[in-house]
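Only one structure is covered here, and it is reproduced in the block below.
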Amino acid sequence: MSVVGIDVGFQSCYIAVARSGGIETIANEYSDRCTPACVSLATKNRIIGNAAKSQIITNFKNTVHGFKKFHGRTFDDPFVQAEKPKLPYSLHKLANGSTGIQVRYLDDDKVFTVEQITGMLLSKLKETSEGALKKPVVDCVISVPSFFTDAERRSVFDASQIAGLNCLRLINDTTAVALAYGIYKQDLPAPEERPRNVVFVDMGHSSFQVSIAAFNKGKLKVLATAFDPYLGGRNLDEVLVDYFCEEFKGKYKLNVRENPRALLRLHQECEKLKKLMSANSSNLPLNIECFMNDIDVSSRMNRGQFEEMSSQYLMRVEAPLRAVLEQSKLSRDDVYAVEIVGGATRIPAIKERISRFFCKDISTTLNADEAVARGCALQCAILSPAFKVREFSITDVVPFPITLRWKSTTEDGVGECEVFSKNHAAPFSKVITFHKKEPFDLEAFYSNSQELPYPDHTIGCFSVQNVSPQPDGDSSKVKVKVRVNIHGIFSVSSASLIEKQKGEVEDMQIDSEPLVQNEGRVEEQAKMQVDQQGQGQGEEQADENSPSNKEGPSVEKQDPAAGGSKPKVKVKSIDLPVVMNSIRQLDTSVLNDFVEYERQMIIQDKLVKEQNDAKNAVEEYVYDLRDKLGGVYEKYITENDSKQLTLMLEETENWLYEDGEDQPKRVYEEKLEALKRLGQPIQDRHREHEDRPRAFEELGKKLQVYMKFLDSFKQKDERFMHLNVEEMGTVEKCVSDSMGWMNSKMNAQSKLSITQDPAVKVADIIAKIQELEDACHPVINRPKPSAEETSEVNEQSSGVHAATQAKEGKGETKGNQQTKEMQMD
599 MSVVGIDVGF QSCYIAVARS GGIETIANEY SDRCTPACVS LATKNRIIGN AAKSQIITNF
659 KNTVHGFKKF HGRTFDDPFV QAEKPKLPYS LHKLANGSTG IQVRYLDDDK VFTVEQITGM
719 LLSKLKETSE GALKKPVVDC VISVPSFFTD AERRSVFDAS QIAGLNCLRL INDTTAVALA
779 YGIYKQDLPA PEERPRNVVF VDMGHSSFQV SIAAFNKGKL KVLATAFDPY LGGRNLDEVL
839 VDYFCEEFKG KYKLNVRENP RALLRLHQEC EKLKKLMSAN SSNLPLNIEC FMNDIDVSSR
899 MNRGQFEEMS SQYLMRVEAP LRAVLEQSKL SRDDVYAVEI VGGATRIPAI KERISRFFCK
959 DISTTLNADE AVARGCALQC AILSPAFKVR EFSITDVVPF PITLRWKSTT EDGVGECEVF
1019 SKNHAAPFSK VITFHKKEPF DLEAFYSNSQ ELPYPDHTIG CFSVQNVSPQ PDGDSSKVKV
1079 KVRVNIHGIF SVSSASLIEK QKGEVEDMQI DSEPLVQNEG RVEEQAKMQV DQQGQGQGEE
1139 QADENSPSNK EGPSVEKQDP AAGGSKPKVK VKSIDLPVVM NSIRQLDTSV LNDFVEYERQ
1199 MIIQDKLVKE QNDAKNAVEE YVYDLRDKLG GVYEKYITEN DSKQLTLMLE ETENWLYEDG
1259 EDQPKRVYEE KLEALKRLGQ PIQDRHREHE DRPRAFEELG KKLQVYMKFL DSFKQKDERF
1319 MHLNVEEMGT VEKCVSDSMG WMNSKMNAQS KLSITQDPAV KVADIIAKIQ ELEDACHPVI
1379 NRPKPSAEET SEVNEQSSGV HAATQAKEGK GETKGNQQTK EMQMD
């Protein structure tokens, strides 16, 4: 099983995989390492990625792109309403108030959630990964912008589940870049054991993100992050679009904004022009043929004009840079390097402003487009138990401060506590102790709504249930664990009630936790108890081993003023249910329905692909065979058969574009089989005629070699005298039979025309060569015995000869004696 890192951008996606040799970026079926974030819905199937991008103009109402910005946002969100008029496709308000995307799919109007659309894209990226790696892909790490809120992160996480992926982590874009940089610069010297602070700037299509991270001895710690969610290459494209819309209105009397297709074409051309101006400072042309009403349009633009028109956006570059330094409490002199990634950072004016602010030459160590995906893949390898990588600690930050609110018995009736401050380390857990007699609610929200790029600062409400007073009527101590997990998602992960029990005298155990507290309101006297746990990668383990999650006795701190030892009160921890309310995330039942529907759509896509492949196979065979009938196949078919087959090919071609336009896969397969019954014999005769002479030549060469060997043996060549006479007879017979077989087949073939099926096939000749090899090769290649083996054989032969002579001698003596006896008689 493979693990991958996925960079799901606003405009493009990249996939990277960690292998034993390092990290590499995967190419898709178009041999392109960049997959457009486009999904096109059609009457029979979905088209995703590169093929969908080509549908942006021709099927603009049903081709969805730029949908990443709608994650976790309601339909009434001001940002969504501002984007709505700019989109070629339609948005729809869902029953829960979320933003839906309305398209026509399978000849029916459908409304998909943003999670479903992103799930479709992730399914395509998963398929691309499995095709390139030839292995199943499940575990992954997915990038998200560092400014994504809790709702947006939950939405992306749901999308990964719809696609059948196990997302090990949602990682911030700039953190992924920092991780990729840290591994690339793993031998970076740290003078005087001081960490090196590196600034990472990521300006992509729709956002500008900055973070500063400290590297030291295999540790990566993000110190601060800042961003501008509405500053990216897209804004600069719109500057050009606005300019040319006005110019064409005056020059050609064309109202471009009234024509969605023309507006999309202009956007594409302006993006190309922007990229060209990054490399050229001279005047560059913009030409679009048949732009609107069959009118060709043209204009010109240079870099100086472009920068002047974009000044309002270029001025906003420095604000995040200044903010990240202020938040990290570092100066420009404390910055070791400034690394830039993202497509928009290639714009000279952007690079110039970043370099001027930090008073440093900017660094481009990493691939500007693929750095995020590579960092994701590395993080996935670190988290996966299947990989062994060099230990590398990663600490991220909380982008926005988070506060808890609850009902209180104090005068104002409300208690509040900021549990995570801005740029607080993450992942991180905290345990808060309350004194309550009944169930209570905790409302989580972002503290500073003015800094939040999101209209609703509420995260959700968490109800702690089954709280009851102690047997003596006192308030119960309730420990609540809150955390920001590895995905950057906030939750109340657990709650437990501490129940008092009378016990025996035990040795005193000092609890380091402060015990001066009331029902939960935090004041300077530390009236709320906060235990911090789980910083860094071990956060999950810390959660499981926390005292608040364990039942059984624990010892609380005694009152030092009491003196001596006295009966100790035992306590036990009872887990309490925590119910989430008002969380902007898909319900489990809805999520399961989406997962099943995605599977059905994948099956439908597969069926359509197989149908199209079968149809294309028929079309390709028709064109290929018809072309060759007038060329290489012409002399291998009779004139009458050629006319009949040509007519059949024409009829099939006409059928493909008429009644055969949309037929089941089986029909196309039957058509192809019918064509091959006539075309395959011609193809076979051509192939046999081309390959047969070479096969016979090879057989003849083998026969010559073995015949020469037999002649040498018969002439008692010293090199072959160690061979067995019987085996040599077998070789001679095999050579003779093969020679006769070859001559007979060649004679039979010579009597046939090339329009007839051959008397012998190349496969038969190859089999005869193999048969000859098997019989002769082992014999002729048997090595001559060594001198020792020959001596041993001679000694054995001499022994046998001597024994024979002795036996014969005894017989002769006995015969002589008999002769003498006869003479005496």
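Each residue of the sequence shown is one higher than the last, beginning at 599 in our numbering. Virtual Cβ for every residue (Gly too), placed ideally from N, Cα, C.
**Item:** Minimum C-alpha distance to residue 1245 - residue among 888, 1227, 1015, 1261
**Value:** With respect to the C-alpha of residue 1245, the residue from 888, 1227, 1015, 1261 having the closest C-alpha is 1227.
**Message:** To the nearest angstrom, how far is the alpha carbon of residue 820 from that of residue 982?
**Reply:** For residue 820 and residue 982, the distance between alpha carbons rounds to 22 Å.
**Opening and closing residue of the beta strand (DSSP E) in which residue 765 lies** = Where residue 765 is concerned, the enclosing beta strand (DSSP E) stretches over 764–770.
**Message:** Taking a contact to mean a Cβ-Cβ separation below 7 Å, would you say residue 997 touches residue 744 in this structure?
**Reply:** Yes.
**Request:** Could you check if residue 1103 is buried or exposed, using at least 16 other CB atoms within 10 Å of its CB as the buried criterion?
**Result:** Its pLDDT being 32, under 50, residue 1103 is placed unreliably by the model, and the measurement read from it follows with that caveat. With fewer than 16 other CB atoms across the displayed protein chains lying within 10 angstroms of its CB, residue 1103 is exposed.
**Item:** Buried versus exposed call for residue 1086 [16 or more other C-beta atoms within 10 Å across all chains shown]
**Value:** By the C-beta density criterion, residue 1086 is buried, having at least 16 other C-beta atoms within 10 angstroms.
**Request:** Buried or exposed for residue 1272, please, with buried defined as at least 16 other CB atoms from any protein chain shown within 10 angstroms of its CB.
**Result:** Exposed.
**Request:** Can you grab the Cα-Cα spacing for the pair residue 647 / residue 1336, in whole Å?
**Result:** Distance between the alpha carbons of residue 647 and residue 1336: 59 Å.
**Prompt:** Does the beta-carbon of residue 957 have 16 or more other beta-carbons within 10 angstroms, so that it is buried, or is it exposed?
**Reply:** Note on residue 957: under 16 other CB atoms within 10 angstroms of its CB, so exposed under the neighbour-count rule.
**Request:** Please name the residue in 1278, 1217, 1222 whose C-alpha comes closest to that of residue 1259.
**Result:** Taking only the C-alpha atoms, the option nearest residue 1259 is 1217.
**Request:** Please report how far the alpha carbon of residue 1189 lies from the alpha carbon of residue 713, in whole angstroms.
**Result:** C-alpha separation (whole angstroms): 9 Å.
**Request:** Mind checking which residues open and close the beta strand (DSSP E) that includes residue 1384?
**Result:** No beta strand (DSSP E) holds residue 1384; DSSP gives it neither H nor E.
**Asked** From 1358, 1088, 1056, pick the residue whose C-alpha is nearest to that of residue 1047; which is it?
**Response** Comparing alpha-carbon positions, the option among 1358, 1088, 1056 lying closest to residue 1047 turns out to be 1056.
**Message:** Can you list, in chain order, the residues of its chain with a C-beta nearer than 6 Å to that of residue 901? Leave out the 5 residues immediately preceding and following it.
**Reply:** Answer for residue 901: 875, 879, listed in chain order.
**Asked** From residue 851 to residue 844, what distance separates their C-alpha atoms?
**Response** Each residue's Cα considered, the two are about 10 Å apart.
**Message:** Taking its Cβ as the centre, do 16 or more other Cβ atoms sit within 10 Å of residue 663, making it buried, or is it exposed?
**Reply:** Residue burial is scored here from C-beta neighbours: residue 663 has at least 16 other C-beta atoms within 10 angstroms and is therefore classed as buried.
**Item:** Distance, residue 772 Cα to residue 665 Cα
**Value:** Approximately 21 Å, taken between the alpha carbons.
**Asked** Taking just the CA atoms, how far does residue 908 sit from residue 697?
**Response** Approximately 31 Å, taken between the alpha carbons.
**Message:** Tell me which residue opens and which closes the beta strand (DSSP E) that residue 702 is part of.
**Reply:** Counting along the chain, the beta strand (DSSP E) containing residue 702 begins and ends at 697–703.
**Message:** residue 1182 and residue 831 - do their beta-carbons sit closer together than 7 Å?
**Reply:** In this structure, residue 831 lies away from residue 1182, with their beta-carbon atoms at least 7 Å apart.
**Asked** What whole-angstrom Cβ distance do residue 779 and residue 919 have, given they're in contact under 8 Å?
**Response** About 18 Å separates the beta carbon of residue 779 from that of residue 919, a gap too long to meet the 8 Å contact definition.
**Item:** Touch test, the stretch 963–979 against the stretch 604–619, Cβ-Cβ under 8 Å, three pairs minimum
**Value:** A contact exists between the stretch 963–979 and the stretch 604–619.
**Message:** For a cutoff of 7 Å on Cβ pairs, would you count residue 986 as touching chain D?
**Reply:** The chain labelled as chain D is not found in the depicted structure, where only one protein chain is given.
**Message:** Which of the three DSSP states is assigned to residue 807 in this structure?
**Reply:** Correct three-state label for residue 807: strand.
**Message:** Taking the beta carbon of residue 1017 as the centre, do at least 16 other beta carbons fall within 10 Å, making it buried, or is it exposed?
**Reply:** Label assigned to residue 1017: buried.
**Message:** Please state whether the Cβ-Cβ distance between residue 1220 and residue 1186 is less than 7 Å.
**Reply:** Taking 7 Å as the Cβ cut-off, residue 1220 and residue 1186 do not qualify as a contacting pair.
**Asked** With burial defined as no fewer than 16 other Cβ atoms inside 10 Å of the residue's Cβ, what is the status of residue 978: buried or exposed?
**Response** Buried, because 16 or more other Cβ atoms sit within 10 Å of the Cβ of residue 978.
**Asked** Ordered along the chain, which non-local residues of its own chain (more than five positions away) have a Cβ less than 8 Å from that of residue 612?
**Response** Answer for residue 612: 604, 605, 623, 631, 632, 633, 967, 968, 970, 971, listed in chain order.
**Environment of residue 1303 [buried if 16+ CB atoms lie within 10 Å]** = An exposed status is given to residue 1303, since fewer than 16 other beta-carbon atoms sit within 10 Å of its beta-carbon.
**Prompt:** Which first and last residues belong to the beta strand (DSSP E) in which residue 831 is found?
**Reply:** Element bounds for residue 831: not the beta strand (DSSP E) but the alpha helix (DSSP H), 831–849.
**Prompt:** Whose C-alpha, out of 817, 642, 824, 926, is nearest the C-alpha of residue 1051?
**Reply:** Ranking 817, 642, 824, 926 by Cα distance to residue 1051 puts 824 first.
**Request:** Using the Cα positions of residue 1364 and residue 1293, report the straight-line distance between them to the nearest angstrom.
**Result:** For residue 1364 and residue 1293, the distance between alpha carbons rounds to 7 Å.
**Asked** By Cβ distance below 8 Å, which residues in the same chain neighbour residue 1416 in space, the five residues on each side in sequence not counted?
**Response** Any reading at residue 1416 is ruled out, since the residue's pLDDT is 39, under 50, leaving its predicted position unreliable.
**Message:** So, with DSSP's three-state summary, where would you put residue 820?
**Reply:** Reduced to three states, the DSSP call for residue 820 is strand.
**Prompt:** In chain order, what residues of the same chain lie with their CB nearer than 7 Å to the CB of residue 618, ignoring the 5 residues before and after it?
**Reply:** Answer for residue 618: no residue qualifies.
**Message:** Do residue 1082 and residue 1043 have their beta-carbon atoms positioned less than 7 Å apart in this structure?
**Reply:** At a Cβ-Cβ threshold of 7 Å, residue 1043 and residue 1082 do not count as neighbours.
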